[in-house]
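J.: Per the working numbering, the sequence shown runs over residues 605 to 889. For glycine and all other residues, C-beta sits at the position ideal for the given N, C-alpha and C.
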Amino acid sequence: MVVDRRAELGEFLRSRRARLRPEEFGLSSYGQRRRVPGLRREELAQLAGVSVDHYIRLEQGRSLQFSAEVLDAVARALRLDDAERAHLHRLARPAPAGPPEPAVRPPLRAGIARLVSSVHDVPAYLVDRNTTVLAWNRPAAALITDFGALPAAQRNMARLTFLDEGIRRLYADWPQRARDIVGFLRLDSGRRPADASTAALVEELSAASAEFRALWAEHEVKDKRHGRYVYRHPVVGELELAYETLRLPDDPGLALVMHSAEEGSPCDTALRLLVAWAGQDAPAG
605 MVVDRRAELG EFLRSRRARL RPEEFGLSSY GQRRRVPGLR REELAQLAGV
655 SVDHYIRLEQ GRSLQFSAEV LDAVARALRL DDAERAHLHR LARPAPAGPP
705 EPAVRPPLRA GIARLVSSVH DVPAYLVDRN TTVLAWNRPA AALITDFGAL
755 PAAQRNMARL TFLDEGIRRL YADWPQRARD IVGFLRLDSG RRPADASTAA
805 LVEELSAASA EFRALWAEHE VKDKRHGRYV YRHPVVGELE LAYETLRLPD
855 DPGLALVMHS AEEGSPCDTA LRLLVAWAGQ DAPAG
């Protein structure tokens, strides 16, 4: 199973239309009861300054040859953010053919694994575009879970987020964490629609989790490279940690995620305690 670019494009545009309200744009409701939420196709076309037929062909995926100017106009009318705008362009314009994805990812370079494990004072872990955890240090294992105790197939942040009760309790705002994960996977599915591995993960989680299915159907896309989460840790208590996501220059499909706390804050003290405890009990991988 791979992503159907045309179907994905139509569903994405319909989901973005549904979140807009005519009154926000000063549009008349024509005195009629609306059969669908949000803007009609005709209204969106009017706002974008394109013909109704042109927009319908775009939403129905009847052509993947739309100009960047038309897509930008539609993006403005839909009030898309930067990540959503880029997602629209990827879905609506054929990407140059690239080398096929290997069926199995090559082993992680030993130097990268050593780099991750050599970070001692903050939690750090390396994930691929499907959120599979490929390497981690002791503080990350202490903060999130003992990745080394899990079968390799279960070392995946999306699977853990939706299928592991311990991870659900760990995040103070689990719904936001779940949305972030789904938005990241949705964004990546648009980047590589021919990659069956992301589609297989989505299919698995859709079958196992009603919450995942509901979020996936919303077509949210996110490219969160930094932010913060509040953790409810069973050993050191509640701590708010910022995170930064660093892409590897020669393999942008890999991302190093590192956590930190504001220096001198109570969370910084809690993080130091966690790191000290990790040095004794939590193995790196």
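Once the 5 residues before and after residue 788 are set aside, which same chain residues still bring their CB inside 8 Å of it?
T.: Cβ within range, chain order: 735, 826, 827, 828.
J.: Any chance you could list the alpha helix (DSSP H) runs of at least 4 consecutive residues sitting entirely within the segment 784 to 838, in chain order?
T.: As far as the segment 784 to 838 is concerned, its whole alpha helix (DSSP H) runs of at least 4 residues are 800 to 812, 814 to 820.
J.: Helix, strand or coil: how does DSSP classify residue 856 here?
T.: Strand at residue 856.
J.: How would you call residue 830, buried or exposed, if buried means at least 16 neighbouring beta carbons within 10 angstroms?
T.: Residue 830 is exposed by the Cβ-count criterion.
J.: For residue 860, which option in 683, 879, 726 has the closest C-alpha, if you only look at C-alpha atoms?
T.: Among 683, 879, 726, the Cα nearest to that of residue 860 belongs to 726.
J.: What number of angstroms, rounded off, separates the C-alpha of residue 608 from the C-alpha of residue 665?
T.: If I take the Cα positions, the gap works out to 10 Å.
J.: Return the chain-ordered ranges of every alpha helix (DSSP H) run that is complete within the segment 606 to 682 and spans a minimum of 4 residues.
T.: Counting only runs of 4 or more, we get 609 to 622, 645 to 652, 656 to 663, 672 to 682.
J.: Taking DSSP as the reference, what is the three-state secondary structure of residue 840?
T.: Three-state result, residue 840: coil.
J.: Are the segment 619 to 626 and the segment 641 to 648 in contact at 8 Å, needing three or more beta carbon pairs?
T.: Result yes; three or more Cβ-Cβ pairs closer than 8 Å.
J.: Helix, strand or coil: which one does DSSP assign to residue 765?
T.: In this structure, residue 765 counts as helix in the three-state DSSP scheme.
J.: Take every Cβ of the segment 835 to 847, pair it with every Cβ of the segment 760 to 776, and state whether three or more of those distances are shorter than 8 Å.
T.: Touching, yes.
J.: Note down the Cα distance separating residue 674 from residue 651, rounded to an integer number of angstroms.
T.: Approximately 12 Å, taken between the alpha carbons.
J.: Measure from the alpha carbon of residue 796 to the alpha carbon of each residue in 649, 691, 615, then state which is nearest.
T.: It is 691.
J.: Rounded to whole angstroms, what's the CA-CA distance from residue 613 to residue 658? Just pull it up for me.
T.: Between residue 613 and residue 658, the C-alpha separation is close to 14 Å.
J.: Between the Cα of residue 670 and the Cα atoms of 655, 738, 684, which residue gives the shortest distance?
T.: Taking only the C-alpha atoms, the option nearest residue 670 is 655.
J.: What three-state label does DSSP hand residue 851 in the structure shown?
T.: Strand.
J.: Check for me: the beta strand (DSSP E) holding residue 737 runs from which residue to which?
T.: Its beta strand (DSSP E) spans residues 737 to 740.
J.: To which residues of the same chain is residue 617 closer than 6 Å at the C-beta, ignoring the five residues directly before and after it?
T.: Excluding positions up to five away in sequence, the list reads 663.
J.: Alpha carbon to alpha carbon, how far is residue 864 from residue 551? Give it in angstroms, no decimals.
T.: The structure shown does not extend to residue 551, since the chain spans only 605 to 889, so no value can be given for it.
J.: Using the rule of at least 16 other Cβ atoms within 10 Å of the residue's Cβ for burial, across every protein chain shown, is residue 722 buried or exposed?
T.: Exposed, by the Cβ-count rule.
J.: Quick one: what's got a C-beta closer than 7 Å to residue 857's C-beta in the same chain, skipping five residues either side?
T.: Excluding residues within five positions, the ones whose Cβ falls inside 7 Å are 732, 733.
J.: Please report the residue range of the alpha helix (DSSP H) in which residue 714 lies.
T.: Note, residue 714: alpha helix (DSSP H), 714 to 721.
J.: Which residues mark the beginning and the end of the alpha helix (DSSP H) in which residue 695 is found?
T.: 686 to 696 is the extent of the alpha helix (DSSP H) around residue 695.
J.: Within 10 angstroms of its Cβ, does residue 743 collect 16 or more other Cβ (buried), or is it exposed?
T.: Looking at its Cβ environment, which holds 16 or more other Cβ atoms inside 10 Å, residue 743 is buried.
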